[in-house]
Structure formats: C-alpha cells, structure tokens
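K.L.:
Residue numbers (my numbering), protein chains in the order written: chain A, 253 to 911; chain B, 3 to 281.
Next up, the structure:
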C-alpha cells in the first residue's frame, strides 16, 4: 500500500511538470528506512537533509553529482552509478586516478579508497571545519583507518613501512598535531599529498628521493640556514643526488629532533657487504666490518647517508652510485676549507697523491680526534702527516722544503718533545699551525702560516705573548715600514723550535736578531758581552736580556727596559752594584767610528801605533842582529874548539909531566 | 881529574829565578785566557775556552794569574829594597850604579855600537851585566803591569770604578787592556824569545834564568865587561858555584820547551786570528 502511494506521488509530481529538485529526491530519500541491497550488503538510502544543507555542497543539486540520474523517471534505476566529483574537481580527480589509490581502484582493488572514503558523501565539510574528516587533526586517523597495523591494507598490500600510525603519533609532527593541537603540523597529506599519493620509487612522488627536500621545505622553509654547517643549503635542490635526503637523517614517520638508528636500509646494504665481495670496478674488497662501523663516530649514520645516490627501487640500490663518498655533503664547512687547501686543489687536479678525507680520517672506522686510536689523535698527527711529508715521500718531493728533515726537526722541537715525549696532547702539532683542513703554503695570504697570520696562529696558544708582541716595535700595528717585520718563526724557527731556556737558543738569538740588525749586532760582538757569548757563555747579556723579547720598545719610550728610568734597573739584573754611570757602558761600541765614539777611535789608533811602532823598532833590531849573530856563533865555536884543544894539550903535558 | 867539577858563574839569585818561573806561568795563563776572549770569534778560542773549563773558569784563571803577577811585581820591589839595604846600601847604587837596571849613557853607546856591529861597521860591543835590550824588557814589564794591571782592575770591578769614571771608560779600558796585552804577548813571544833564546849562539834556549848559572867561558864572551870588572875587583870567586845535576837540567829543559811552545802557539794563533780570521 505504502509503495503504491509513493509511486503515485512520483507520478503526480512528474505530471505537474516539476523540474528535478532536491526535494524530489528527498521525497523518497528522507525516509530513514529506505534501503537497498548491493553485492549482498544492505545500504541505507537515507539522506539527512540537515547534514546535506550544512555541507559544502548545500547549494548543489543531487543530480549535479548523481549525474546519471538526471532526467530519469521515478523511481530511478535500482543501480545508479556512484556520485561523480570530476565535473567540479577535475584536478583532484585526475591526481587521484594517477595515484596509488586511484590505480588500485581502477584495477578493481576492493581495498582501494575512493573520494567518499576520505571525504564522505552528503556531509562533506570544508577541510578547515573541525568536524571535517579531512581536518588536519583527523587526517592521521583517516589514513590510519586503512594504514594502521593489522589492517587489511597493511597486511595484504605491499607497504614498506610498518607501524606508520604509531610512529607518526610519536614523531615530532604527530606530537605537534595530536598532543599540542598544532593544525599546521605536517599530517599524512602534507608529505604524501592528498590525492597524488605515490610510492617513493615513483619519480613524480612527493616523497621520491629527489623531491623530498622540496616537500619538507614547504614547511621547513629556512632549514638550509640551520643545516648550513652540515649541508650546504642550495645543493639540496640543485644536487639532490649527491646529498643525503632529509629522511636519511630524519626518518619518515619517526621524525624527531634526534636521529634514530637506521636499521632497515643498512641491513639491506649489509646483505651483500657483510660478505667478502669485490668491487666490479677495480676489484678491491668492499666488505664492511660492522663491528668497526659500530665502534666509529658514524655508528648512528646510515650507509646511504654517506653513500648517497642509492636508488632503492633497484635490486642493487647501490648500482646508481657513481661517485666516491663526499663527506662535505654533511661536513660542508670543513669541505669548503678543504677545497681551498693545497690538498683540495691538488685533489681537484686529480693528483693521485693528494689526500682526500679518508686518507687522514679512515673510512668505516672513523674515530674522533679525542680517541687515542684515531690517526688524528694529537700524538698520531705527526706520524700521519709524515706519511707524505717525510723526506723522499711524495709531498716532500713535490714541495722541496728548505727544511728537509722537518718531521725529525719537529720531534726535536719544544712542541715535538712536549707532544711525543711528555704526552701533552695540548701541545701544538702539525695541524695546530697549518690548520687541519685548510693547509696552504706560507706564501698564500690565506694560509695560517702566512707572515701576516702567524702571530694569530701562534697566539691561539701563546695568547699572552701575542698581546705583548702586538704592542712592541716589531708589531705592524706600531711600526709602519715597508721592510719586513719579524714574526714568531723568524726568531723561534718553524719546525725546530728551541726551548728558550736552553743554550742553543740563547747563543743563537744574536745571529737571529742580527739578520735584520746587522750593524748593531756586529758591534755587540766587539764588546765584552758579545765576545763572551761567542765563547759559549750563556749567562752574559744577550739581546733580549736588555731589550726584552716580545715586548721590545724603542729606547725613547719610558716603558722600555732601556729608557732613562729603567736602564739602571736592567743592568742591575746581572750587575747588582750598577749605577747610572755604569749604565753608560757602551754595549754596542765600535772603535771604527770617530764621529760616534771619538774616544774609542783615538785610543784604539793610539794603541795600534804604539804596538806597530814597537814591533817595527824591535823587529828591525832583531832582523839586523840575526846574520851577525850567526857569524858570532861560528866565531864562538872556533874559539871553543881552540880552548878545548889547548886544554887537552895542557892535560896531556901535565900527564906526561907526571909520568 | 874526573872528580874535578867545572864551576859556573851565578848570574841570578834564587828569588829572581823563582819569580821568573812564576812570571812565565802567570803570563802564559793570562795570555791564553785573555786571548780566548780577544779572539772569541775564532774556533780556536772557543775550543780553548772549553778546554780551560769554560769561559767562567777561564776568567777565574785569568784573575788568579793576574793576582799572582801583581804579587810577583810586589815581591820583586821588596827584593829590590832588600838588595839596597843589604848589598848596595844606597839608592844611588841601586838606581845609577854600574850594575843598575836604569838606562844610562853606556846603554845608548851600546845600542849605537850594536847597530854598527849589525851593519858590519864595528866589532861586537862589550856588554856589561845588563844589556840595553834586557833593560828594555825589564821596564816593559813595569809599563805592562801599570797599564794592563790598572785597566784590568777597572774591568774586574766596573761597578766600583764607575762611581768615579764614566761608563764609556770601560770601553776605553777594554781597548787599552787588550791591545797592550797583545803588544806584551807579541813582544815577549817573538822579540824576547829571539833576544834570549833563539839567537843562534843561544839556540834553542838559554836556561840561565832557570839555573841561574852559566859556564865561565860563555860568561866571559857574552858579558866581557862584567867579567873584567869582577876579575879586576877579585870578586869573581864569590859568584862561582857548582852546576846542577843533569836530571835537574833535563827537568828545566822540559819546562822551557813547554813555555816556548806555548808562546809560539800563541803567536801563531794571534797571527791567524788577526790576519786570516779577522772580522
């Protein structure tokens, strides 16, 4: 009976020429009991007008979506097509149809979601509406419907990640969204896109390796600035293949501020590399000792972070690797320095002897500089550098140092002894002066050992001395001259730095100062202090005893050790009884300068004339005497002989007389 | 006849001989240690300085020897006074007597006659007890003690001397001290050596200064005037003594050779340092 009435009603309305209004549809679909059976399932045909009018489609006619029912008679076909979204949302629908979801649907996968599975049907709300199924806060639950652990999708379809929903909830994104209600936090759709959901192996995917940076930077816009020390920002998009992708460090779904153990990717690599396999390129063994790796500084770094450009879609993901590991992709600042260095420049020129990162730091067993087993542990550095820089080694042959035995000399120097004999790891080793990554020849203005920079380099440790030095006459800040001013290594030498309290330095310092102060040193050696020093007497006044060492000031500066105020005190250091007159001793006197030192000049020449005069007179006397003396000797001999003969004769006569 | 020993003429007293031996030791010590400083720029000086126990020890030796030499000088002056008191009895005899050390007219005549003899224009002059060159050597020591001694003291105690003297006086003292020392060593080790030891009739050395005695024959020829005077006055017998045992003579010769060699070494070193290594 009821059915009969309904049909009648429909006929009536149609007959009255009514256009197909929503009310026409609702006439039947308002009935809460309206049902139909499809594929053996009972489906309610009830449409709640209140919800429909609250939805984004409130002003839409039913037939706008249910287009196949347009103009059809009551009652329409029992199997109408699903509502279509295409006419209004062509882009979204197109993307959907290209997506994993869409393609699965096209293949007839019963688990594949359609528009309404996510968006709903008659009650679709704006995504900003808190009640919307696509409101950010709800997105994880929406996706989680299918992708939570144990769901048919997770169990039956090839989804490489597990515990997606749980991991996401604990991630910084999930926590922000779900615990703190930050609706701007990334949801599933932020990374996977709402409609064009594709596997990461698909190059069009938002999570494909080369697109990941672009995807993440949608929100993390300034991230390259934060990562500058680690990754040079611009390279991210330009050279995504050489750099680790965001997810290499910040794993998908688990992203937090801390890095997580990367398990899966590494285990993939180790499938092959735990065995003793050989490189197809050059035949070297490319087995990785995992215990070494675990012991290294990179224990928590995934293989693919260094061996970038892996392509997980291939059977051998490493097949796509063409370049050696570039540590600069993480250690960007260091990499820049290295490029500037002689090592880096030679490496860029394909010099086979040029060291790259691994030559000094090792490969999988990289250890920090504080680990005594590390080749870059301070006491090991001289040995490390010696490998190339020792005599007859490649670098030594290329550079041809002034100091051929520099490693040996370093070991004998105060630094070398401190480091190698006393084990003082704070002592300067090669890298402290030459820098670790930016070593350059001294002639290069950027070099840490360039004359301009040496004081700063030494001052890194000898800071107090640098301060004094910069106030002294030798400082370029004080003395403006075109001549070259002395720098630390002019007096202390570079590799053969002597202990200043040892004789070799004490006696050598005069020659050192004399390199520039030629005249004054010469005259120093003419006076007592200088002569005594030549005999190896180290307690005598040496240049620095009177002038000071790093703090040398001009004599007219009242603070100078030799100013009128201080000179007596300076002499008293060695001569306790010194007085003002005593200080008038000419420590750099010469008797060759009549203008400056007339007294010395005339006394010297007076003495010389006396000496030469005496020798001329006495010498002449002697030389004249010599021939006459020879003659006299002959005469004496004759007389002697005669006397002896006479004596003998006398004796003989005596003897005969006796007889 | 074999037990009859030929007596010798005694020329020097025991005091004089001891003083001369001490003089040789202190003089050579002073010369060696002083020259290491003067020629500090030669490797020889550095070697010698180390051999002598380093610069400080060399300096101590130098000052010790200087003290000895001043002691010798004072002892000699005391000896002169003793001589005046007990033997000569007057200043006049000491200063201008025939055997006095003071220069006199005879020395001038001897010098002129010697030069004539050298040039073959006259006979060998008849020298007396002290020849003019011996007197020159003698007074050279007085001069040297005064000049080198005073400047040496100044350099030894500069802090005291500069209470009066200006600082640069130390520089002047250094020049005088070292150049006068150079003159002294140079003179002793060449001129004095020749005059006393190396001249052919005495070659290789005259050990009279150590033994104090010489053969009568030699005395007669070498100092005819003194010999005549002693014979005339009949005092010759007073000066005749027995000679030393050969073993003593040998010891003396060893010492003499040592002193001579050191002297020659120093001369060669000076020449090397001043001509070949000078800078």
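In this text, a Cβ means the ideal position worked out from N, Cα and C, and glycines have one as well. This structure is a prediction, so every number in the text was calculated from the model and none was measured.
Looking at the unbroken alpha helix (DSSP H) that takes in residue 618(A), where does it start and where does it end?
P.N.:
Mapped onto the first chain, residue 618(A) falls at position 366. Element bounds for residue 618(A): n/a, residue is neither H nor E.
K.L.:
Following the continuous alpha helix (DSSP H) through residue 84(B), name the residue where it begins and the one where it ends.
P.N.:
The residue given as residue 84(B) occupies position 82 in the second chain. From DSSP, the alpha helix (DSSP H) with residue 84(B) extends over 56 to 85.
K.L.:
Please confirm whether residue 43(B) has its beta-carbon closer than 7 Å to some beta-carbon of chain A.
P.N.:
In the second chain, residue 43(B) corresponds to position 41, counting from 1. Interface residue, yes.
K.L.:
Counting only C-beta atoms, is residue 859(A) closer than 7 Å to chain B at any point?
P.N.:
For the purposes of this step, residue 859(A) is taken as the residue at position 607 of the first chain. Output row for residue 859(A): interface = yes.
K.L.:
Keeping to the same chain, check which residues put their C-beta closer than 6 Å to that of residue 25(B); ignore five residues upstream and five downstream.
P.N.:
Position 23 of the second chain holds residue 25(B). Contacts found: 74.
K.L.:
Could you name the residues that DSSP lists as bridge partners for residue 530(A)?
P.N.:
Along the first chain, read from residue 1 onward, the residue named residue 530(A) stands at position 278. Paired residues: 537(A).
K.L.:
So, residue 202(B) versus residue 885(A), is the Cβ gap smaller than 7 Å?
P.N.:
The residue you call residue 202(B) lines up with position 200 of the second chain. The residue you call residue 885(A) lines up with position 633 of the first chain. Cβ distance < 7 Å, so residue 202(B) and residue 885(A) count as in contact.
K.L.:
Would you give the residue range spanned by the alpha helix (DSSP H) that residue 701(A) belongs to?
P.N.:
Position 449 of the first chain, counted from the start, is the residue given in the question as residue 701(A). Careful: residue 701(A) lies outside any alpha helix (DSSP H) and carries neither H nor E.
K.L.:
Please name the residues in the segment 633 to 653 of chain A whose beta-carbon is closer than 8 Å to at least one beta-carbon of chain C, in chain order.
P.N.:
Although the question refers to chain C, the structure presented lacks it and instead comprises the protein chains A and B.
K.L.:
With three or more C-beta pairs closer than 8 Å as the rule, is the segment 179 to 188 of chain B touching the segment 208 to 226 of chain B?
P.N.:
no
K.L.:
Helix, strand or coil for residue 209(B), going by three-state DSSP, please let me know.
P.N.:
In the second chain, counting from the first residue as 1, residue 209(B) sits at position 207. Correct three-state label for residue 209(B): coil.
K.L.:
Is the distance from the Cβ of residue 661(A) to the Cβ of residue 618(A) below 7 Å?
P.N.:
Locating residue 661(A) in the first chain gives position 409, counting from the first residue. Locating residue 618(A) in the first chain gives position 366, counting from the first residue. With respect to residue 618(A), residue 661(A) sits apart: the two C-beta atoms are not nearer than 7 Å.
K.L.:
Check for me: the alpha helix (DSSP H) holding residue 257(B) runs from which residue to which?
P.N.:
Sequence index remark: in the second chain, residue 257(B) carries index 255 (1-based). Note, residue 257(B): alpha helix (DSSP H), 248 to 273.
K.L.:
Please tell me whether residue 269(B) has its Cβ less than 7 Å away from any Cβ of chain A.
P.N.:
Counted from its first residue, the second chain places residue 269(B) at position 267. Cβ-Cβ to chain A under 7 Å: no for residue 269(B).
K.L.:
In the DSSP assignment, find the unbroken beta strand (DSSP E) run with residue 144(B) in it and report its ends.
P.N.:
Position 142 of the second chain, counting from 1, holds the residue named residue 144(B). Residue 144(B) -> not in any beta strand (DSSP E); alpha helix (DSSP H) instead, spanning 134 to 158.
K.L.:
State the beta-bridge partners of residue 217(B) as determined by DSSP.
P.N.:
For the purposes of this step, residue 217(B) is taken as the residue at position 215 of the second chain. The partner list for residue 217(B) (beta bridge, DSSP) reads 10(B).
K.L.:
Straight-line CA distance for residue 910(A) to residue 891(A)?
P.N.:
Residue numbering aside, residue 910(A) sits at position 658 when the first chain is read from its first letter. Residue numbering aside, residue 891(A) sits at position 639 when the first chain is read from its first letter. With a pLDDT of only 47 at residue 910(A), under the threshold of 50, the placement of this residue in the model should not be trusted; the figure read from the coordinates follows. If I take the Cα positions, the gap works out to 28 Å.
K.L.:
Can you pull the DSSP bridge partners for residue 763(A)?
P.N.:
Numbered from 1 along the first chain, position 511 holds the residue referred to as residue 763(A). Looking at the DSSP assignment, residue 763(A) forms no beta bridge with any residue, so it has no partner.
K.L.:
Check residue 296(A) in the structure and name its three-state DSSP category.
P.N.:
Residue 296(A) sits at position 44 when you count from the first residue of the first chain. Residue 296(A): strand per DSSP, three-state reduction.
K.L.:
Which one or two residues does DSSP pair with residue 242(B) in a beta bridge?
P.N.:
Translated into positions along the second chain, residue 242(B) becomes position 240. BP columns for residue 242(B) point to 11(B).
K.L.:
Using a Cβ-Cβ cut-off of less than 9 Å, list which residues of the segment 117 to 137 of chain B approach chain A; keep chain order.
P.N.:
117, 119, 120, 121, 122, 126, 135
K.L.:
With distances taken Cα to Cα, identify the nearest neighbour of residue 222(B) among 54(B), 195(B), 129(B).
P.N.:
In the second chain, residue 222(B) corresponds to position 220, counting from 1. The option with the nearest alpha carbon to residue 222(B) is 129(B).
K.L.:
According to DSSP, is residue 386(A) part of a helix, a strand, or is it coil?
P.N.:
The residue labelled residue 386(A) in the question sits at position 134 within the first chain. In this structure, residue 386(A) counts as coil in the three-state DSSP scheme.
K.L.:
Looking at chain A, is there any beta carbon in it that lies within less than 7 Å of the beta carbon of residue 193(B)?
P.N.:
Here residue 193(B) is taken as the residue at index 191 of the second chain, counted from 1. It does: the Cβ of residue 193(B) has a partner Cβ on chain A nearer than 7 Å.
K.L.:
Out of curiosity, what's the CA-to-CA distance linking residue 718(A) and residue 840(A)?
P.N.:
For the purposes of this step, residue 718(A) is taken as residue 466 along the first chain, with counting starting at 1. For the purposes of this step, residue 840(A) is taken as residue 588 along the first chain, with counting starting at 1. If I take the Cα positions, the gap works out to 28 Å.
K.L.:
Look up residue 290(A) in the DSSP assignment and give the residues it is bridged to.
P.N.:
Looking up residue 290(A) in the first chain gives position 38. Answer is 293(A).
K.L.:
I'd like to know if residue 261(B) contacts chain A, where contact means its C-beta is closer than 7 Å to some C-beta of that chain.
P.N.:
The sequence position of residue 261(B) within the second chain is 259, counting from 1. So, not an interface residue.
K.L.:
Quick check on the DSSP output: what are the complete alpha helix (DSSP H) runs of length 4 or more inside the segment 578 to 657 of chain A, in order along the chain?
P.N.:
Whole alpha helix (DSSP H) segments, 4+ residues: 584 to 592, 594 to 600, 609 to 613, 633 to 641, 646 to 651.
K.L.:
Since residue 60(B) contacts residue 35(B) with CB under 8 Å, what's their CB separation in whole angstroms?
P.N.:
Within the second chain, the letter at position 58 stands for residue 60(B). Within the second chain, the letter at position 33 stands for residue 35(B). Rounded to the nearest angstrom, the Cβ distance from residue 60(B) to residue 35(B) is 4 Å, consistent with a contact under 8 Å.
K.L.:
Taking C-beta pairs closer than 8 Å, name the residues in chain B that residue 836(A) reaches, listed in chain order.
P.N.:
Residue numbering aside, residue 836(A) sits at position 584 when the first chain is read from its first letter. Near residue 836(A) (Cβ distances below 8 Å), the residues of chain B are 164, 168, 169, 170.
K.L.:
Of all the beta strand (DSSP E) runs that stay within the bounds of the segment 779 to 807 of chain A, which reach a length of 3 or more residues?
P.N.:
none
K.L.:
Any Cβ of chain B within less than 7 Å of the Cβ of residue 673(A)?
P.N.:
As a first step, residue 673(A) is located in the first chain; it is residue number 421 there, counting from the start. It does not: the Cβ of residue 673(A) has no partner Cβ on chain B nearer than 7 Å.
K.L.:
Out of 852(A), 554(A), 523(A), 320(A), point me to the one whose CA is closest to residue 567(A)'s CA.
P.N.:
One-based indexing of the first chain puts residue 567(A) at position 315. Looking at the Cα atoms, 523(A) is the closest of the given residues.
K.L.:
Spatial neighbours of residue 115(B) within its chain, please: CB distance less than 7 Å, with the 5 preceding and 5 following residues excluded, ordered by chain position.
P.N.:
Working through the second chain from its first residue, we reach residue 115(B) at position 113. If we look at residue 115(B) and ignore the five residues flanking it on each side, its Cβ neighbours are 124, 127.
K.L.:
Quick one: is the Cβ of residue 833(A) within less than 6 Å of any heavy atom of the ligand GDP?
P.N.:
With respect to small molecules bound, the structure shown includes none, and the ligand GDP cannot be examined in it.
K.L.:
If the cut is a Cβ gap below 8 Å, which residues of chain B does residue 876(A) touch?
P.N.:
As a position in the first chain, residue 876(A) is number 624, starting the count at 1. 117, 120, 121, listed in chain order.
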